[in-house]
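Undergrad: My questions will all concern the structure given below.
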Amino acid sequence: MLQQKRGGRLSCCVVYPNRYHSAMSNLGFQTVYALLNEHPEVVCDRAFLPDREELAELDRTRGTLLSLETQRPLSSFDLIAFSVSFESDYLNIPAIFRLSGIPPLAAERSPLQPLVLAGGAALFLNPEPVAPLLDLVCIGEAEPLLPAVVDLLLEGAEHRDDLLERAAQLPGVYVPALYEPVYDGCRQLAFKARSGAPDRVPRIWDPDIEARPTVTEIHTEATEFSGMHLVELSRGCPRACRFCAAGFIYLPYRTRSVDVVREEVLKGVAEGRKVGLVAAAVSDYRGIGSLCQEIIAAGGTFSVSSFRIDHLDSAMIEALKASGQKTVALAPEGGSQRLRDLIRKGIDEEQILSACDLLIGHDILNLKLYFIIGLPTETDQDLEELVALVLKIRERVVTAAKANKRLGEIQLSVNPFIPKPFTPFQWCGMEEIKSIEKKWKFLQKAFGKHANLRIQMESPREAYQQALFSRGDRRLAALLIAADRQGNWKSALRELDFDSDSFVYRDIPLDEMLPWSFIDGGDDARLVREYRRAFGLPLGEGEVGEDNL
1 MLQQKRGGRL SCCVVYPNRY HSAMSNLGFQ TVYALLNEHP EVVCDRAFLP DREELAELDR
61 TRGTLLSLET QRPLSSFDLI AFSVSFESDY LNIPAIFRLS GIPPLAAERS PLQPLVLAGG
121 AALFLNPEPV APLLDLVCIG EAEPLLPAVV DLLLEGAEHR DDLLERAAQL PGVYVPALYE
181 PVYDGCRQLA FKARSGAPDR VPRIWDPDIE ARPTVTEIHT EATEFSGMHL VELSRGCPRA
241 CRFCAAGFIY LPYRTRSVDV VREEVLKGVA EGRKVGLVAA AVSDYRGIGS LCQEIIAAGG
301 TFSVSSFRID HLDSAMIEAL KASGQKTVAL APEGGSQRLR DLIRKGIDEE QILSACDLLI
361 GHDILNLKLY FIIGLPTETD QDLEELVALV LKIRERVVTA AKANKRLGEI QLSVNPFIPK
421 PFTPFQWCGM EEIKSIEKKW KFLQKAFGKH ANLRIQMESP REAYQQALFS RGDRRLAALL
481 IAADRQGNWK SALRELDFDS DSFVYRDIPL DEMLPWSFID GGDDARLVRE YRRAFGLPLG
541 EGEVGEDNL
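So the sequence shown is numbered by the UniProt record's numbering: it starts at 1 and just counts up by one.
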């Protein structure tokens, strides 16, 4: 448990723009809080979006949002630092400002009010929808970025404008006020830097993840992972599926040594906690089987965040069974082989069925399967192949369950495709909601008559909203503020006469400037090559050949 300090030259409040349960289930938020508190001259509190009843009471009484540790108003801190992992939480940022008595727009705040910093995965994908609300944005991972930012803030400056200009010279620090976008309808024509700010802001990654483990810093019962000690095994993903941001924004793929991981894992076991192994694909971690068996041998239990279908480890599965894990999640994602090839998933039906057979053979009869619908070029035939694949898996589960005289179940998690920045599919529009809903009804009808099979889907309208924030520009900030004021998203759209469809559904030409183009996130040409390969388009000069992924 972190010890709260009583003093420090810089007072900071780390804010997660969602409720306590979500925040304390997030390793990124916990890491930022720990990093700031480790600095000898910083004192750091936490704050969250209040629960519904508390939020209603604050609105009724016009009360002020207070920090958790010291019960201070957020407006009394030197620095407010938002940790934002998901674009949907952009909606809650104006509410945090309103409840704190702080103007939401950075341009309207006085120098006596807190400086506002933000970071997290959502922001180093595309910070533009909330850029006008922020003074500073960390583009990249916290470990290498925060120390330099804190040192600059401790040095101070006579005027805030001077401080912001100096901050813009730090690698990975984006100062929205120093950039002026130029728009023509839904298109962005230019993004002008001023006051010596760099034309492009580099995304910064931690070159030495061995230096500091990423683990649960504060254990609390009120989280999704109650009673667990989470340990990050690796950062990024070596697979680079064309729809998935994790394979591109955390490059290069980095793994922690078994010795470092083992120390943290056994610490959790010694404390009597279940160990949660965290990675984009746990089964890709070298030595995962022996590590899992060590946990069992030490008298512990564990769970894993995800598996790669073509890289299951028998020793790990045996250990999972011994650990009492009842359900394993697999992600075919594409329902047909054509779609799996399109997204560069790198697996075929035989591998999917073999993985299921391996799990079923170890008496793990509850499977959760993740699929995406609405992928570019998807047809009715692709959906029919999805149904056929799931029914083949169900037949295997049912047969094994009857033999073992116990129940088995398949859970289907079906989610609409959402285009993400810094992926080869960033130029692809999302499929229209009406079409997604039609496909959903088809799947419900196809699976509804089968026992031992449950299906759920993310709300298409929430997916639409996420796509808007993923692809939008800084004009969305006014929409976010209006939605908070109105208490209704649709009313805000009508008030501002905002054409959100053009951001969500439009296929973007490859030569068009993107709202996030100012971020130097690596090999932009590689994304273009992968886009062309996906859709069978001619490669440009010098683009022939495979990328070293």
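Cβ atoms here follow ideal geometry from the backbone N, Cα and C, with glycine treated the same way.
Could you compute how far the alpha carbon of Arg-242 sits from the alpha carbon of Arg-533?
TA: Cα-Cα distance, rounded: 10 Å.
Undergrad: Taking only the alpha-carbon atoms, compute the straight-line gap between Ala-451 and Val-15 and give it to the nearest angstrom.
TA: Taking C-alpha positions only, Ala-451 is separated from Val-15 by approximately 44 Å.
Undergrad: Do Gln-169 and Pro-198 have their C-beta atoms within less than 9 Å of each other?
TA: For Gln-169 and Pro-198, yes; Cβs fall inside 9 Å.
Undergrad: Would Val-116 and Leu-79 qualify as a contact pair, given that the criterion is a beta-carbon distance under 9 Å?
TA: yes
Undergrad: Along the chain, where does the beta strand (DSSP E) that runs through Asn-366 open and close?
TA: Counting along the chain, the unbroken beta strand (DSSP E) around Asn-366 starts and ends at 366-373.
Undergrad: Under 9 Å between the Cβ atoms of Val-84 and Leu-136?
TA: no
Undergrad: Run through DSSP, which three-state label would Ser-234 get?
TA: strand
Undergrad: If you draw a straight line from the C-alpha of Arg-529 to the C-alpha of Val-504, how long is it?
TA: 23 Å
Undergrad: With distances taken from CA atoms, which of Thr-216, Thr-61, Gln-381, Pro-40 is nearest Ser-226?
TA: Cα-wise, what sits closest to Ser-226 is Thr-216.
Undergrad: Beta-carbon within less than 8 Å of Thr-379's beta-carbon, same chain only, minus the 5 sequence neighbours each way: which residues are those?
TA: none
Undergrad: So, helix, strand or coil for Asn-548, using DSSP?
TA: For Asn-548, the pLDDT reaches just 46, beneath the cut-off of 50, and the residue's location in the model is therefore unreliable, although a value from the coordinates is still provided. Looking at Asn-548 - three-state DSSP - the assignment turns out to be coil, as it is neither helix nor strand.
Undergrad: Cutting at 7 Å between CB atoms, please list the residues of its own chain near Arg-19, excluding the five before and the five after it.
TA: Phe-48, Leu-49, Asp-51
Undergrad: Tell me, please, whether the region 274-282 touches the region 293-312 by the rule of three or more beta-carbon pairs shorter than 8 Å.
TA: yes
Undergrad: Since Ile-80 is in the beta strand (DSSP E), which residue starts that stretch and which ends it?
TA: 79-83
Undergrad: Determine the direct distance from the alpha carbon of Glu-38 to that of Gln-3, and round the result to whole angstroms.
TA: Summary for Gln-3: the model assigns pLDDT 49, below 50, so the residue's position carries little reliability; its value from the coordinates is reported in the next sentence. About 10 Å.
Undergrad: Of all the options Gln-411, Asp-206, Ala-95, Tyr-33, which has the alpha carbon lying nearest to the alpha carbon of Leu-68?
TA: Among Gln-411, Asp-206, Ala-95, Tyr-33, the Cα nearest to that of Leu-68 is on Tyr-33.
Undergrad: Taking the alpha-carbon positions, what's the Ile-373 to Val-328 distance?
TA: Using only the alpha carbons, I get a separation of about 21 Å.
Undergrad: Report buried or exposed for Thr-377, applying the criterion of at least 16 other Cβ atoms within 10 angstroms of its Cβ.
TA: Result: exposed.
Undergrad: Measuring only the C-alpha atoms, how far is Asn-488 from Arg-506?
TA: Going from the Cα of Asn-488 to the Cα of Arg-506 covers about 25 Å.
Undergrad: According to DSSP, is Arg-273 part of a helix, a strand, or is it coil?
TA: coil
Undergrad: Quick one: give me the first and last residue of the beta strand (DSSP E) that Ser-303 is part of.
TA: 302-304
Undergrad: Which whole runs of the alpha helix (DSSP H) in the region 85-133 are 4 residues long or more, in chain order?
TA: 93-100
Undergrad: Is Met-513 helix, strand or coil by DSSP?
TA: strand
Undergrad: Tell me which residues share the same chain as Phe-86 and place their Cβ nearer than 7 Å to its Cβ, disregarding the 5 neighbours each side in the sequence.
TA: Ala-122
Undergrad: Out of Ala-142, Leu-277, Ala-190, which has the shortest C-alpha to C-alpha gap to Asp-208?
TA: Ala-142
Undergrad: Give a yes or no on whether the C-beta atoms belonging to Gln-411 and Arg-454 are separated by under 9 Å.
TA: yes
Undergrad: Starting from the C-beta of Gln-337, find all residues in its chain whose C-beta is less than 8 Å away, skip the five residues before and the five after it, and write them out in chain order.
TA: Asp-348, Glu-349, Glu-385
Undergrad: Taking one C-beta from the region 352-362 and one from the region 395-409 each time, how about it: are there three or more such pairs within less than 8 Å?
TA: yes
Undergrad: List the endpoints of the continuous alpha helix (DSSP H) containing Pro-144.
TA: 142-155
Undergrad: Can you give me the Cβ contacts of Ala-177 inside the same chain, cut-off strictly under 8 Å, excluding the 5 residues immediately before and after it?
TA: Ala-106, Ala-107, Asp-135, Leu-164
Undergrad: Hey, how far is the Cα of Gln-188 from the Cα of Arg-200?
TA: 15 Å
Undergrad: Give me the Cβ distance between Ile-93 and Pro-17, rounded to the nearest whole Å; I'm assuming they're in contact under 8 Å.
TA: Indeed they touch by this definition, with Cβ atoms about 5 Å apart.
Undergrad: With a threshold of 16 other CB atoms inside 10 Å of the CB of Cys-13, please say whether the residue is buried or exposed.
TA: buried
Undergrad: Helix or strand or just coil, what does DSSP make of Gln-3?
TA: Residue confidence is low: Gln-3 scores 49 on pLDDT, short of 50, so the model does not pin down where it sits. Its coordinate-derived value is still stated next. Gln-3 falls in the coil class under three-state DSSP.
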